[in-house]
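J.: Under our numbering, the first residue of the sequence shown is numbered 7, with each subsequent residue one higher. Each residue gets a CB set at the ideal place from its N, CA and C atoms; glycine is no exception.
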Amino acid sequence: MTKEESLTIDLTEITNKDRGVGSKAANLGKLIKNKFSVPNGFVVKTTAYDLFLKDNNLIELIQKALKSIDYSNLESVKNATNTISDSFEKSSFPKELIDEIKLKYQPFSSYGVAVRSSATAEDLPKASFAGQYDTFLNIRNLDQILRNIKRCYASLWTSRAIIYSYKNRIPHNKVKIAVIIQQMVSAKSAGVLFTINPITSDNTELLIESNFGLGESIVSGKCSPDQFFLKKSKRGSFKILNKRIGIKGLVAHPKSSEANGGIEYRELSDDLKQQSSLSDDEIITLAKIGLEIEKIFNSNPQDIEWAIDQDNRINILQTRPVTTVKEEKKEPEILWSRGYSDDYWNDNVTPLYFGLLGDPITKVVNIELNSIMGYKRMDSQLLKLYNAHVYFNLNVIKKKIENEIPTFMRNEDLLNYFPEGSGLYGKRTMKELPFHLIKRIVAELRIMFHDPNGSMSKTAEVYEDWNQEIFIPYCKEFDIKLQNVTKSGEFEDLIDLAEELDKTMISHFRLIRYGIPVHNIGMNLLVQYLLTRFLGKEECSQYYPILISGLKHKLTETNDQIHRLTSLINRSLELKSIFINQESENIYNALLTETNPIIKDFLIEFERFLDDYGDRGFTRETYYPRWRELPMTNVMDVLTSLIKDQWQDLGGIKTKNLRKRERIEKIVEFKIRLLKFGLLKWKFFSIILKNSRKYIKFREDQRFNLDKWITRNRNVYLEIGKILTHKGIISDENKVFFLHKQEIKNLALNKYNQQEIQKIAYDVKQRFEEFKKYENIVPPKFLLGSREFNDMLKYDKESKLFHGIPASQGIITAPIRIIKDINLISTVRAGEILVVSRTDPGWTPIFSKIGGLITETGGVLSHGAVVSREYGIPAVTNITNACEIFKTGQNVKIDGYSGIVIPQKNI
7 MTKEESLTID LTEITNKDRG VGSKAANLGK LIKNKFSVPN GFVVKTTAYD LFLKDNNLIE
67 LIQKALKSID YSNLESVKNA TNTISDSFEK SSFPKELIDE IKLKYQPFSS YGVAVRSSAT
127 AEDLPKASFA GQYDTFLNIR NLDQILRNIK RCYASLWTSR AIIYSYKNRI PHNKVKIAVI
187 IQQMVSAKSA GVLFTINPIT SDNTELLIES NFGLGESIVS GKCSPDQFFL KKSKRGSFKI
247 LNKRIGIKGL VAHPKSSEAN GGIEYRELSD DLKQQSSLSD DEIITLAKIG LEIEKIFNSN
307 PQDIEWAIDQ DNRINILQTR PVTTVKEEKK EPEILWSRGY SDDYWNDNVT PLYFGLLGDP
367 ITKVVNIELN SIMGYKRMDS QLLKLYNAHV YFNLNVIKKK IENEIPTFMR NEDLLNYFPE
427 GSGLYGKRTM KELPFHLIKR IVAELRIMFH DPNGSMSKTA EVYEDWNQEI FIPYCKEFDI
487 KLQNVTKSGE FEDLIDLAEE LDKTMISHFR LIRYGIPVHN IGMNLLVQYL LTRFLGKEEC
547 SQYYPILISG LKHKLTETND QIHRLTSLIN RSLELKSIFI NQESENIYNA LLTETNPIIK
607 DFLIEFERFL DDYGDRGFTR ETYYPRWREL PMTNVMDVLT SLIKDQWQDL GGIKTKNLRK
667 RERIEKIVEF KIRLLKFGLL KWKFFSIILK NSRKYIKFRE DQRFNLDKWI TRNRNVYLEI
727 GKILTHKGII SDENKVFFLH KQEIKNLALN KYNQQEIQKI AYDVKQRFEE FKKYENIVPP
787 KFLLGSREFN DMLKYDKESK LFHGIPASQG IITAPIRIIK DINLISTVRA GEILVVSRTD
847 PGWTPIFSKI GGLITETGGV LSHGAVVSRE YGIPAVTNIT NACEIFKTGQ NVKIDGYSGI
907 VIPQKNI
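1) Whose C-beta lies closer than 6 Å to the C-beta of residue 901 among residues of the same chain, with five residues either side of it excluded?
2) Between which two residues does the alpha helix (DSSP H) containing residue 296 stretch?
3) Just mark residue 135 as buried or exposed, buried being the case when its beta carbon has 16 or more other beta carbons within 10 Å.
4) Only counting the same chain, and skipping five residues up and downstream in sequence, which positions put a Cβ closer than 7 Å to that of residue 431?
5) Does DSSP classify residue 78 as helix, strand or coil?
6) Residue 151 to residue 125, Cα distance in whole Å?
7) Measuring alpha carbon to alpha carbon, tell me which of 306, 315, 343, 420 ends up nearest residue 326.
8) Just to confirm, is the Cβ distance from residue 234 to residue 202 under 8 Å?
9) Our contact map puts residue 838 next to residue 823 with C-beta atoms below 8 Å; I'd like the distance itself, whole angstroms only.
10) Which whole-angstrom value describes the C-beta separation of residue 704 and residue 521, a residue pair presumed to lie in contact below a C-beta threshold of 8 Å?
11) Would you check if the distance between the CB atom of residue 861 and the CB atom of residue 883 is smaller than 8 Å?
12) Considering residue 901, what are the terminal residues of the beta strand (DSSP E) in which it resides?
13) When the Cα of residue 185 is compared with those of 154, 123, 211, which residue comes out closest?
14) So the candidates are 30, 259, 274; which of them puts its Cα closest to the Cα of residue 267?
15) Use the C-beta contact count for residue 814: other C-beta atoms within 10 angstroms, 16 or more gives buried, fewer gives exposed.
16) According to the neighbour-count rule (16 or more other Cβ atoms, all chains shown, within 10 Å of its Cβ), is residue 112 buried or exposed?
17) Confirm, please, whether the CB-CB distance from residue 632 to residue 623 is below 8 Å.
18) Using beta-carbon positions only, say whether residue 466 and residue 630 come within less than 8 Å of one another.
19) To which residues does DSSP link residue 249 through a beta bridge?
20) Only counting the same chain, and skipping five residues up and downstream in sequence, which positions put a Cβ closer than 7 Å to that of residue 171?
21) Using the three-state DSSP reduction, which class does residue 141 fall into: helix, strand or coil?
22) CB residue 314 to CB residue 195, shorter than 8 Å?
23) Classify residue 602 as helix, strand or coil using the three-state DSSP reduction.
24) So the candidates are 253, 80, 158, 102; which of them puts its Cα closest to the Cα of residue 95?
25) How would you label residue 436, buried or exposed, when you count the other beta carbons within 10 angstroms and need 16 or more for buried?
26) Of all the alpha helix (DSSP H) runs that stay within the bounds of the segment 630 to 672, which reach a length of 4 or more residues?
27) Let's test the definition: count the other Cβ atoms within 10 Å of the Cβ of residue 732 and tell me whether it reaches 16, buried, or not, exposed.
28) May I ask you to report which of helix, strand or coil DSSP gives residue 775?
29) Do you know how far the Cα of residue 594 is from the Cα of residue 641?
30) Who are the Cβ neighbours of residue 359 in its own chain at under 6 Å, not counting the five residues just before and after it?
31) Check whether the segment 346 to 358 touches the segment 382 to 394, counting contact only when three or more Cβ pairs, one atom from each stretch, lie closer than 8 Å.
32) Contact check, residue 572 vs residue 645 under 8 Å by CB: the rounded distance?
33) DSSP on residue 387, reduced to helix/strand/coil?
34) Ordered along the chain, which non-local residues of its own chain (more than five positions away) have a Cβ less than 8 Å from that of residue 867?
35) Relative to the C-alpha of residue 506, which candidate in 494, 517, 487 has its C-alpha closest?
36) Taking the beta carbon of residue 274 as the centre, do at least 16 other beta carbons fall within 10 Å, making it buried, or is it exposed?
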């Protein structure tokens, strides 16, 4: 039999003259001829497909099925597809074809093979059939190969392929199919390589997507792969622009059972999820190979599938032209960041609270403020709720930085909101973005005219007036109204009261939109810049945290009162015994049963404390109880934790910190005054420093008011929840927080039919399960669409040194205590270094007993950093994955001056 007569051909024998192998196989043949590493295999040619059709009288059947299609009716297309597929399944191969395949397969019979379609119309220059025809992996015997060849043939006639050909006016009889039988690669990692950026169509960039194991996890869309963006130079070298470490999650492997073949998906370990699936050398080598392949195919951009085997050899599995680059460019997908949330909204979030807080932040803080400041073409969608956590639109943050923060003030704390590297949103790009000074000046003038309360000199004072004159009285009025409305039990009245509460809070958002993102962040960035400019980077790191410490605000005031209660408990053996011996949820009731005058006096003080500070919780989220709610477990946990161990003398700490701050301030003044125009520079610096302190205080005070608003929202919606529970729509009142605001309003107005109500009940259940699943998990830092990724993990459990953000000065070596759940706060021992994913004001009273703080997220202005400075304990923030890397009881040295954490050998 001549080569032309043969129904099969080895990949190594394919030449440009072989038209019956399909484009995929032809490309592999070309790669082999150019000495690329391609797994061995052979092709069942299109003549075998023709013979299969002819032998089984399928040509007439296909034509009849196609003629019966009504292309406006999807069901009609499916019927034709099923007819063809069923006929293929029942048909048999000619004996001569089976014999040829059997002979060619013999060398591969001890391996798993891939069975891949290779169509003659696949990847036409003006159309993309890529991915429309099937591939089957790890096939282990001849019977399976024959079965899957039929399935490849049938994939030529799927609904998708038929409709695609029809829409693109490609005659059905012009497309034929060959099948590649190719030895499987035992892949260490695998993926795809685009020799052009497929997102932006930038031909100076490459994109590599990668995962551990087989590349099928990426091709099938079952994982969020690692992504690596590279820049081509004219000299043929490459620069890695961005490394996006995907969560990956699942990895594809050949099934361990040889009898069945196929692949299976396994869950990656937590360590591997965080690690890069490629080394820098492998990334660069892949890029070089990609560029060489592109040259072979007339410099047309290529979409290349590759796999690295256990011997670290890069195998090319297929290459095809990127067919989308000539299409009209689309707007790039929004990149979402959890980085900003780490400082300002780091809780897990229910759908209801996302609307309660997210709507005014979007409408008042984003859209309305942008209009006032004259910013145009700003995205209206600021926030995204994903896996029960809030993400910020980096396009909005980017434009804010361009318009409001000069280049010299963009420090690491600010850039931490963005991914590493270059690219559209990379840290390097953000650092170098031009500052639009004229727009900034115009914006300030517009604020003076349209909203004068937004000026630096007014915001804090106007906010305090609003708080004293309107908000505090309204809270008391609201509580009375809620009692009255609850008695009447009217659904709509409760909705009206909730909306009234939100309208009252609009003034809060109209002032914090300046006080936090503009004055607080801006002034503190300027203080750091001026210190660096006047005295140097090292002196800035040394002096800045001290200069903004020793401040009085609602957070320190709350903690002072907690410690006052702790002192009262420690003075009484009876009180101390109750706190130590009772479970936290039973303490309050135990106190109520006591007749001891000391305990009664303590209860009076405790009730006063709850009146003033009971709206606190350990999170912003309305789903969780506030301190004042029975059985008051959280506040009792904090008190119990403090009385079990010695804690620092707060009065002594405050005096010491104040003296230290005054001393450092005098040193800074002395050094600045020695400079040229030193007196003027000091006057300017001292004004900026004063404002930076004022707006740190502002931030903590506004959060105290936010807690009051949260509590009242919780109270009114729990009453609504009782009504919905009674109606059988939700299982218990707490599930109300898993409804959206509009859904609740529509339920009150009876806008849903029974089927829609059942759908909502099902959605609530799903949302609750998702919320609990991600409750104590730090989610991925970035989202592109719905694709999750992190910056490349810098450290693992074997690392000898960890570098985060220095947030509070001091050095200590002590054992670690990891807390992932607030209910475990009472387990923290005096002198331990607390390691948490995030902090909230409700956690911070115990800072008086700990030796230091490490957090996975946040920066210098996070709540944990602020309180650490007040208590004089070293703190390092932004150590990614710290709760997984470290272990409770492990000794570490924490250096709050440099942001370094060093594991120590336990004695």
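T.: With the given structure in hand:
1) 817
2) 286 to 302
3) Interpretation of residue 135 is limited by its pLDDT of 45, a score under 50 that renders its predicted location unreliable; the figure taken from the coordinates is listed afterwards. Buried, because 16 or more other Cβ atoms sit within 10 Å of the Cβ of residue 135.
4) 341, 400, 404, 424, 425
5) coil
6) Residue 151 and residue 125: Cα-Cα distance of roughly 18 Å.
7) 306
8) no
9) 4 Å
10) That belief holds up - the Cβ atoms of residue 704 and residue 521 are roughly 5 Å apart, short of 8 Å.
11) Residue 861 places its beta carbon less than 8 Å from that of residue 883.
12) For residue 901, the enclosing beta strand (DSSP E) stretches over residues 897 to 901.
13) When 154, 123, 211 are compared, the shortest CA-CA separation from residue 185 is found for 123.
14) 259
15) buried
16) exposed
17) In this structure, residue 632 lies closer than 8 Å to residue 623 by Cβ.
18) no
19) 234
20) Contacts found: 178, 181.
21) Three-state DSSP puts residue 141 in a strand.
22) yes
23) coil
24) 158
25) buried
26) 639 to 650
27) By the neighbour-count rule (16 or more Cβ atoms within 10 Å), residue 732 is not buried but exposed.
28) helix
29) In this structure, the alpha-carbon of residue 641 lies about 10 Å from that of residue 594.
30) 627, 628
31) yes
32) Contact check for residue 572 and residue 645: beta-carbon distance about 6 Å, within the 8 Å limit, so the pair qualifies.
33) coil
34) Around residue 867, the same chain offers 349, 419, 526, 527, 530, 702, 705 as residues with beta carbons nearer than 8 Å, after the five sequence neighbours per side are excluded.
35) 487
36) By the 10 Å Cβ count, residue 274 comes out buried.
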